[in-house]
Structure formats: C-alpha cells, structure tokens
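In what follows, a single structure is set out as structure tokens and then discussed.
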Amino acid sequence: MLPRVLERLSKNDPIDEQASAIEAMMESVGLMVDEGSDEASKSDEGLQALLEELQNTESKSFAATNAKRKRLTYMTFSNPSVPAKIQVLESMVAPNVQLMETLFKRSGWIASLYHLPKHEKTKRAELMERSSQVFQDFASGQMGLDLAAAIVDKLVEFSTLHIPEFALSYFQLGLEQLGESWRRFFQEQQRFPYHFFKLLSLEQDDFIREYKRMQAARATCSDCFDQEFSSILLSYISEEDGSHHDLVRAKVDGLRSFLQDLTCYAPINSDVVECLHGACQTRLTRFRGARPTDNVAQEIVVLDKITSAYSKFKRWMLERYFDKCGLQRLAAYGQKKGNGYTAADKAKAPTGQHLTLEDLEAKLASGNMPSLPRRLVGWNVFQRQAMADKQLTPAQWKQAQQECSQQWRRLPDDQKEAYHAMAAEEQQLREDAFKQPFEPKCGPQSFGEAGFNAAAGVSKNGLKLLSFNRLLVTYDRYRSHEGWSQFDCGLADANGALRLDEIDLDTDKDTMSSRWSTFVGPVNHNDVDKSYLDMVTCIPHTVCGGGHGLCKQMPYINVASKFAHRLHQFVKDGVTVASPIFCCFGSLIEILDHKDTSGSLFYFVAVAMKKPLLQVLIRGFERPSDGSNSDIVLLPPGTVGKVPSFCTGHQAFHQICAAEIDAGHELPESIKIAVHQYTLNPFAPLLAVKLSTPGSTFFELRTKNPPPKKVERKLLGIRMKKRKRTRPAGKGSGKGRPKGSPTQTDHAKDIDHQLKCMANPQLSASVEPDSDIDMAFSDHDQGSESESSLSGHDGSDSIDGGSPPTPFGEVAEEPVRPPEKIEEEAELTRLDLEREKRMQDLSGNTGDNPRPTCLPKTSFCNQSLGLVDAGIQVASRCATCRHCLTKIEKQCVRFQYAWSLKKFASWLHTECVLPHLIQEGASFLQASNYVSGVVQDMTKAPEVREAASSLKRKLQSHSRESASAHGEKHIAN
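When we follow the UniProt record's numbering, the leftmost residue of the sequence shown carries the number 1, and every step to the right adds one.
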C-alpha cells in the first residue's frame with residue numbers, strides 16, 4: 001500500500017474529492033514550493049526547517065495541518081535513502097513480527113477457551129495443546145533460541161538486499177537484537193519459577209525424583225526460589241513422605257494437572273489480559289462525576305464478567321442451532337410478517353406489542369404444537385406449473401384461473417394420476433421438513449427420522465408455511481442442550497445468565513450474608529503461610545540469577561560483580577566523551593592476560609543496561625585469515641546450530657576468576673581490556689569481522705579505585721598561598737554589614753567625584769578619590785569574586801554580552817574606536833551619572849542600604865541588572881510583558897530585563913523597553929552598551945538587530961532631552 005500512496009503523492013493525483021481543496025490550503029500556508037527552490041531540493045536542512053515550522057505553527061484548521069503533514073511525508077519519503085532504510089527496518093523486524101503473531105494467536109486461543117463449551121472436547125483439546133506448546137517453548141527458552149536463529153539468518157541474507165552502505169549499521173542492530181532476544185526470551189527463563197514446567201515432560205518416578213532434588217536445593221540457597229510460586233509448590237508435598245506413597249502420587253497428579261492448566265491459560269504477553277479484562281476499564285470509567293466506590297466497582301466487574309462470558313457462549317450456541325436468519329426470526333416472532341400465527345394468537349398480545357419468548361416457552365410447555373398445512377393434491381401441482389412465470393393483473397389472474405380449471409377437467413385420468421403422485425411426494429417432503437430444525441450457520445445439522453435434508457426438496461413458498469413449527473423445533477433443541485448445564489456451573493440457561501428459579505427476592509440480607517460466610521469459610525482455609533502477601537511490610541523478593549545469571553552463594557561472585565560495574569562505567573564514558581568507538585552496542589572487546597584455556601576472549605557488547613546493571617556479551621571466535629589481521633566470527637567453528645554463544649558480564653568475569661583459581665593464582669585485582677575497531681565485507685554473510693590496524697584502545701578494570709593524587713596548585717612555579725574563607729555577612733558575627741562595605745552616602749560621594757572629573761579632566765589627575773570608598777568597593781568586589789569562585793561560577797557565561805576571559809599568556813587585542821564613538825560613550829556616561837544622582841536626591845534615602853552593584857554572596861540568577869537578552873518569541877507558550885502585562889505574540893521581537901540579581905529576568909515588548917527603564921530608574925548606559933552589542937552581533941536575526949538599532953536611537957534621544965530639560969531647570973533655579 002505504501003508504494004501506491006507515495007506514487008500518488010509524487011504525481012499529485014487526487015486521492016479524494018477534497019484533494020484540490022487541500023492543495024489550495026497548502027499554497028495558502030506556503031508549503032507548495034517551486035522545484036528549483038531550496039525546500040524542493042529535499043535536503044536534510046530544508047526538511048528539518050519544515051519540521052520545526054510544522055511543530056511551531058499553530059493552526060485551527062484541520063485541513064491546513066493535514067496538508068502540512070502530507071507535504072512533510074512526501075518530502076521525507078522522497079529522500080533517496082528512505083527506501084533503503086525501510087528495507088533494513090523491514091528485514092530486521094521480520095523475526096519479531098513472526099513471534100508477535102504467534103503470541104497474538106495464543107491470546108485468541110485463550111479467549112476462545114474461556115467460552116467454548118466443555119462438550120466440544122476435540123476443539124478444546126486442540127486449542128489447549130497449541131496454547132500449552134507455545135507456553136512451554138517460552139518457559140524452556142526455546143522461543144528465544146529460535147528467535148536468535150532467525151536473526152542470524154537475516155545477517156546471512158544481508159547481501160541479497162543490495163545495500164552495502166548499511167552493512168555496519170545492520171550488523172550492529174543485529175547484535176543488539178540478538179542480545180535483547182536472548183535476554184528477554186532465554187536468560188530470564190533459566191531460573192525459578194520456570195524450572196517447574198520442565199517437570200511436565202517427565203514420568204511420575206522422574207517427576208518425584210526431580211521434585212525432591214528441588215526441595216534439597218532450596219535448603220542450600222532459598223534466594224534462588226521465588227516465594228510467591230515456587231516455595232508454595234515445594235511445600236505442597238512433604239519432604240518426609242516416601243516416593244511410593246499413594247498420597248504422594250495423588251498429589252503429583254494434582255500438581256501435574258495444575259501446571260498443565262497454567263501452560264494453557266497463563267498469559268505471556270499483556271494483550272491476553274486486555275482481551276479478557278479490557279472491558280472492565282471501560283465499565284468503570286466515568287466521563288463526569290466521581291468514580292465508583294470499591295464495593296460498587298467489584299459488583300460492576302463481577303456482573304460484567306458474567307454477562308460478557310454468557311453473551312459469548314450464547315452467540316456460539318445460536319450459530320450452531322439457528323441459520324443465518326435465526327436471530328431475525330426470534331426478533332420478528334409474533335409480528336405481522338412473522339411465522340404464520342392465527343388471529344387468536346395475535347389477539348393475546350396487547351395493542352402495539354408482539355408476542356414474547358415467554359409465550360414461545362408457554363407454547364412449548366403446553367405441547368400444543370401447530371398442525372400441518374392442508375394436504376397437497378394433483379390440482380395444486382398442475383396449477384402451480386400452469387401459472388408459473390406469469391405477471392398478471394387481478395382480473396387477468398381470475399380469468400387465467402378459470403381457464404386452468406377447465407384444462408384440469410379436460411385432462412385424462414392417467415395424466416391426473418401423474419400429478420397426484422408428484423403431489424404425494426412433495427407432501428411427504430413437507431411432513432419430514434415440518435419436524436426438522438433449521439440448517440445451522442455453523443456445525444452439523446440434525447435431520448431427525450428422515451435421515452436427509454427434506455427442506456431442500458420443498459419450494460420456497462412451501463417452506464414459509466412450515467417455518468413456525470421449524471422455529472419451535474429449533475428453539476426446543478437450543479434451550480435443552482446439555483451445554484447450558486455445564487456453563488458457569490449450570491447457573492445459566494437459554495434465557496439469561498442466571499436462571500429464573502435461582503433468583504431469590506424473599507430472603508433477607510442477614511440470612512444471605514450468613515449463608516455466604518458458611519460457604520466461603522472452607523474455601524479460604526489454607527495451611528500455607530501467606531505472610532509474603534502483606535505488601536505493606538514485604539519487600540519484593542529478587543531471585544538469584546534473575547539478572548546476571550549467577551547465584552549469590554557461588555564463589556568469586558563479589559569480584560565478578562565489581563568487574564561488571566567497572567565495565568559499565570567505561571561503557572557509559574565511551575558513550576559520552578571518553579572514546580567514541582566504545583558505544584553501548586556493537587563494540588568488540590578483548591580480555592587480555594587471562595588464564596582461560598579456551599583461547600582468546602573476544603566479546604561483542606550487545607546490550608548494556610543500567611537498571612538492573614547488566615551487560616549481554618556475544619562470544620567472538622578468532623579465525624586465522626590470509627592477511628595480517630585475524631577474523632572474528634560469531635558462530636563457533638564446527639557448530640551445528642545457528643545460535644551464537646551468549647553470556648552476561650558477570651558470567652564472563654566469573655569464568656575468568658575461576659580460571660585464575662584453577663591455574664593456582666589468586667583472584668585478579670585488575671583486568672586489561674582492549675577495544676578493537678573492525679571492518680565488514682558487505683557482500684558476504686555478516687557473521688565475521690576483520691580487525692583494523694591500527695584502531696585499538698586499551699583500559700584497565702580494577703576492583704579498587706586508586707587513591708586520588710594530591711595536585712599542588714602553582715602559578716608561574718610559585719606555590720599559592722591558601723585562601724582564607726570569609727564568613728558571609730550577617731552570619732555568626734551579629735553584625736549587619738562587613739567592615740568597610742559602602743553605604744549610600746559613600747556611593748553618592750563617588751558619583752559627585754566622577755562628575756567633577758568628567759567636567760575637569762585635570763582634576764582626575766591631581767585629586768584622588770576617597771581612599772575609604774575605594775577600599776570598601778575593592779573589598780566588596782574581591783569578596784564577591786571569591787564567593788563566585790567557590791560557588792563554581794564562571795565569568796565567561798556572561799549574559800550581558802561580556803567577552804570570555806583571555807587565556808593565560810595571551811593579550812587580547814582591543815579594537816581602535818573612532819573619536820566620535822568615545823565622545824558618545826562619555827556623554828552617555830555623564831548623563832547616566834547625573835540621572836542616577838537625581839534619582840537619589842528625589843528618593844531622599846540616606847540610610848545604609850546601597851543599591852546592589854555586584855553579585856550577592858549567596859545564589860543569584862543574574863550577573864547584572866538591566867537588559868540581558870534579546871530574541872524572537874518562538875515558543876507556543878507566550879511570555880507576558882512586565883511593563884504592559886500583555887502577552888508577547890509569536891514571531892515578535894522581545895528584550896529581557898533583569899530587575900533583580902536573585903529573581904528571574906522578565907521579558908518586554910520592544911516599545912515597552914524605554915518607558916520601563918524610565919519607570920524602574922535603570923541605567924541607560926548599560927542599556928545603550930547592550931543594544932550596541934546586539935546591533936553588531938551577526939548571529940542575531942535581522943529583525944532583532946533592526947529593533948535594537950531603533951531602541952538605541954530612542955535611548956540616545958531620550959538621554960539628550962532629559963539632560964537639556966535638567967539644564968534649563970537648573971538655570972531657572
């Protein structure tokens with residue numbers, strides 16, 4: 001189907017009636033591009049840009065959105081590499097698809113077994129055998145081995161795909177798929193409780209012997225047995241009972257039957273649960289209002305399961321007793337076009353109503369069955385043949401009847417006898433068909449005493465006269481079938497999930513509760529310890545070998561576990577920064593300096609998991625080649641099967657530790673590992689790789705991390721003096737401000753001094769500022785820098801456009817600025833200082849709470865106050881302007897204003913920046929410097945730089961107007 005759809009998309013053929021409207025909508029949203037444009041080139045950049053546009057653009061029209069998706073789909077599949085990628089994907093998932101189809105079929109078999117009648121022994125036995133075989137393949141791990149063999153076949157068949165450029169990716173994906181298949185469908189099944197299902201293939205004596213061996217193994221390591229299933233089954237037969245005791249053999253038969261039922265009905269995949277219980281979620285969901293209480297939910301679920309199972313069983317019964325119109329016949333019972341009722345029968349029903357199934361039951365109980373229609377004679381057969389295939393009016397029909405009657409009278413007796421014989425034969429067929437039920441839709445048909453289908457020889461009009469009695473016969477056989485007594489313990493019948501005689505409305509609630517308690521008492525009695533069921537205090541039990549495949553009681557398990565943890569760290573580092581060739585899957589590693597006698601230890605990393613910590617390794621076998629480099633193959637030499645050799649990281653390192661002990665050495669404290677690069681031959685089966693030279697990296701796994709080396713910090717060969725950490729202000733000392741910190745009065749003096757120096761340049765060289773103020777600001781800045789360094793702050797991450805620090809030993813070259821630029825900055829600085837002095841004069845505050853001019857000693861959000869960022873609103877969730885308190889529309893230019901060092905910055909419209917700076921009393925010098933940097937920043941969007949240039953002109957104009965107004969006011973004063 002996909003190639004046909006792509007062909008239509010490429011030809012722009014109308015897929016439906018609204019295709020032209022969709023194309024027009026695509027043109028309106030700008031998605032129909034020319035063939036020569038950049039987007040039509042189908043490059044990755046254009047596709048990514050279109051994808052971002054699709055995600056960011058909001059449209060209320062479904063047609064517009066669908067048009068975008070259509071265009072994006074066409075561009076994606078028009079990429080020349082897409083068919084090859086689809087081919088790779090289809091080939092890789094084929095084994096998994098086949099496995100999932102088997103599991104889905106088993107789900108259908110289980111659902112059929114739940115409502116299939118027990119008397120259908122052949123069909124039930126066939127379904128149970130199929131379901132049991134699939135479960136036993138899963139529990140034994142054979143399903144995982146078959147899946148791995150199918151994946152190996154796909155690696156062998158890669159050369160037939162004719163896509164050599166994907167050889168390496170295909171091989172690495174195959175390794176990962178092999179590892180996941182082995183982990184999910186083989187490794188997990190090599191422990192309890194799956195070992196119990198191996199007992200089903202044993203005879204009774206072998207069954208008891210293996211069962212006793214499991215009981216003995218539980219005494220050695222109880223953690224290898226799960227408490228919820230295996231421990232209970234091992235407690236079912238006492239260890240002191242003999243093997244030949246009759247009670248033991250009876251319990252073995254019961255245990256075998258229990259395990260066999262589990263193989264038939266136990267779910268493997270979650271869709272079994274959905275098929276059986278998915279309707280409960282629908283019944284309990286409330287669109288509005290409170291959810292049902294627990295008691296009500298239990299009642300709903302129980303009734304729903306009873307009625308749903310009954311409906312399935314009833315549908316199965318109807319299909320095997322009624323024909324394809326059987327349900328319609330029952331629904332039309334008693335209607336005008338029904339089954340030939342007399343006027344007396346229809347008179348029983350009230351006006352506007354029809355007869356019900358209750359009347360049908362009463363008629364069957366009374367035994368007053370309808371009689372046969374009137375007997376056929378030779379005249380009826382002669383008349384039917386003479387009037388066949390004639391379309392006449394009532395007058396013509398009456399005339400034709402008279403002529404036919406005259407012809408019958410003129411017939412000789414021998415010809416009349418022939419018609420009488422034909423009538424007698426058809427009459428006998430009617431009498432036999434009168435007692436036969438309808439031909440069922442499914443299942444065998446019952447012919448009664450006749451022994452053949454008599455209804456096949458009766459005309460259509462003749463069958464209409466017999467349908468009422470045939471309906472009664474069919475319904476009688478349907479309601480009296482033995483399946484109703486076997487379904488749900490015989491509580492149901494043909495009329496409902498609960499028989500009418502089982503409904504008791506007279507007994508009070510207390511008596512019913514007492515009866516129920518008496519009934520469930522013996523059922524809930526069980527001598528097995530159920531303390532593990534207390535989920536409030538119970539910790540989930542983990543079985544030995546559940547993840548890594550080793551028992552906790554095995555020797556060297558701790559050392560092997562440490563090596564596996566160290567390997568996981570290198571795998572993680574290889575993914576991020578350490579080594580780009582050492583990835584999570586597909587890497588080829590070699591364990592060096594080992595005492596294993598099996599030869600070189602090469603492993604492919606197939607799976608690397610963090611939780612639980614697990615690595616799945618595939619053993620590689622060295623094969624000599626013609627060249628200098630060796631070949632590493634997946635399948636061992638001389639092997640018969642098609643499954644590689646798998647192991648976990650814990651098992652591999654445990655094998656190395658055991659080899660060291662067998663050789664007479666101590667447990668290794670470190671293991672050297674080499675990571676090799678390799679190449680593939682894309683025109684041969686992908687079962688062998690060739691090592692590359694050079695292209696290997698080495699690292700070492702240690703059970704103990706070496707102590708960290710103390711590095712002495714030196715600058716230019718001189719040992720630095722240890723910095724003394726200062727106590728933050730207001731902590732411990734009881735003083736509100738550190739000694740020498742600047743006050744607002746000192747800050748005002750400093751502003752006056754700067755203004756005097758700018759008015760008279762000679763004053764700046766002859767007059768020194770107040771040393772106390774300089775010392776205070778210097779100490780404050782050093783303290784801020786010290787605290788920033790301790791907190792891990794890096795000055796290079798400046799938000800306000802500051803440049804990163806220059807590397808040591810290099811001097812940053814400062815660009816030469818024109819004289820008019822220097823004069824403009826000096827004028828803005830003077831205006832800014834005057835404005836700040838006026839703001840302090842108007843505030844009238846003379847306390848010791850200066851405005852913060854540097855970073856606080858605690859955590860902070862902004863490095864400086866004022867404008868810190870500029871950009872375009874692209875997110876769907878629009879920001880709110882801090883000044884006008886309205887949303888900033890998408891694709892609009894916005895500026896970010898930091899109003900506090902400890903609070904997150906806010907966004908402003910471009911037109912709201914100037915009035916907000918005036919309102920907040922912010923620094924115009926900082927704002928002008930920032931927007932100047934934005935104008936010169938070529939990485940910014942053109943509309944952002946244009947908005948910054950316009951804002952810069954407004955700031956300069958406002959500063960000049962403010963200075964002029966202040967000068968006129970000063971002269972007037």
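Every residue gets a Cβ at the ideal spot worked out from N, C-alpha and C, and that includes glycine.
Our two residues, Ser587 and Ile673, have alpha carbons roughly 12 Å apart in a direct line. At the C-beta level, Val935 and Ala870 stay beyond 8 Å of one another. In the same chain as Ala150, and ignoring 5 residues on each side of it, the C-beta atoms closer than 6 Å to its own belong to Pro95, in chain order. Residues Val607, Leu614 and Val616 of the same chain have their beta carbon placed closer than 8 Å to that of Arg183, with the five preceding and five following residues left out of the count. In the structure shown, the three-state DSSP call for Met512 is helix.
Excluding residues up to 5 positions away in sequence, Ser670 and Lys672 lie with their Cβ nearer than 6 Å to the Cβ of Glu700 in the same chain. Look at the beta carbons and you see the region 313-325 touching the region 431-442: at least three pairs across the two are nearer than 8 Å. Leaving aside the five residues that flank Leu567 on each side, the residues in its chain whose CB is nearer than 7 Å to its CB run, in chain order, Gln615, Gly649 and Leu701. Take the alpha-carbon of Val643 and the one of Glu165: they are about 26 Å apart. Arg191 and Asp501 have their C-alpha atoms spaced approximately 51 Å apart. Looking at the DSSP output, Asp631 shares a beta bridge with Arg623 and Lys690. Counting C-beta atoms within 10 angstroms of its own C-beta, Met100 has fewer than 16 neighbours from the protein chains shown and is therefore classed as exposed. Collapsing the DSSP output to three states places Val874 in coil. Residue Arg106 holds the alpha-carbon nearest to the alpha-carbon of Asn269 among Phe225, Ser366, Glu126 and Arg106.
Here Leu865 is not near Ala927, since their CB atoms are 8 Å or more apart. Listed in chain order, the alpha helix (DSSP H) runs fully inside the region 365-434 are 378-386, 394-410 and 413-434, counting runs of at least 4 residues.
Rounded to whole angstroms, Glu920 and Cys892 show a C-alpha spacing of 23 Å. Contact between Ser692 and Tyr678 holds: CB atoms are separated by about 6 Å, below the 8 Å threshold. Residues Ala279, Cys280 and Arg283 of the same chain have their beta carbon placed closer than 8 Å to that of Asp304, with the five preceding and five following residues left out of the count. When C-beta atoms of the region 413-424 are compared with those of the region 360-373, fewer than three pairs fall below 8 Å, so the two segments do not count as touching. One alpha carbon belongs to Leu601, the other to Gln177, and they sit about 22 Å apart. In this structure, the CA atom of Asp476 is about 8 Å from the CA atom of Leu364. With a cutoff of 8 Å on beta-carbon distance, Leu259 and Phe196 are scored as near each other.
For Thr648, the enclosing beta strand (DSSP E) starts and ends at Phe646 to Thr648. His909 is bridged by DSSP to Arg894.
Listed in chain order, the non-local C-beta contacts of Cys881 below 7 Å within the same chain comprise Ile888, Trp907, Leu908, His909 and Cys912, local neighbours out to five positions each way being set aside. Around the beta-carbon of His162, fewer than 16 other beta-carbon atoms lie within 10 Å, marking it exposed.
Taking the Cα positions, Met387 is about 53 Å away from Ala309. Between Pro682 and Ala167, the beta carbon gap of about 4 Å places them in contact (Cβ cut-off 8 Å). Asp631 and Glu590 have their C-alpha atoms spaced approximately 13 Å apart.
Tyr211 is positioned such that its CB atom lies closer than 8 Å to that of Ile237.
By the 16-neighbour rule on beta-carbons within 10 angstroms, Trp516 is exposed. Boundaries of the beta strand (DSSP E) around Glu590: Leu588 to Leu592. Annotation: Ala139 to Phe452 spans about 50 Å, alpha carbon to alpha carbon.
In this structure, the beta-carbon distance from Gly462 to Arg410 does not fall below 8 Å.
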